[in-house]
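Position 48 of the sequence shown, counting from 1, maps to 918 under the numbering used here, and the rest follow consecutively.
Only one structure is covered here, and it is reproduced in the block below.
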Amino acid sequence: MKVTAVEARDVRFPTSRTLAGSDAMNPDPDYSLAYVVLRTDGDAEGHGFTFTIGRGTEICVAAVEALAPLVVGQTLEGFAADPGGFWRHVTGDSQLRWLGPEKGVIHLATAAVVN
């Protein structure tokens, strides 16, 4: 089964209106996520997300979209055989890795794709 498309959405919950989930470090969070759907050439599809607290979620969505060419064409069988290799393939892009393969937005975006 092969991945044919990657879709990413910016989903936000206006929790700052009631301060739900706020604390001393995060006084006005809007719980949010970059939601990812992996479409395949079969009946199955994959769903994943990465969590944020508001501003910047659009950056995670853009990072998922930037990773899409590295994911489209990959097979479920290839991922299952070597998930670490898949992770390195996605986070090791010679240009995108400068945005932080072990941290930051590329790590968040890859987590949404892989999970």
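Virtual Cβ for every residue (Gly too), placed ideally from N, Cα, C.
- Collapsing the DSSP output to three states places VAL906 in a strand.
- Nearest C-alpha to PHE883 among TRP957, ALA914 and GLY924: GLY924.
- A buried status is given to ALA982, since no fewer than 16 other beta-carbon atoms sit within 10 Å of its beta-carbon.
- Residues SER886 of the same chain have their beta carbon placed closer than 6 angstroms to that of ASP898, with the five preceding and five following residues left out of the count.
- Apart from the 5 residues on each side of it in sequence, ASP911 sits with its Cβ closer than 6 angstroms to the Cβ of LYS872 and THR874 in its chain, given in chain order.
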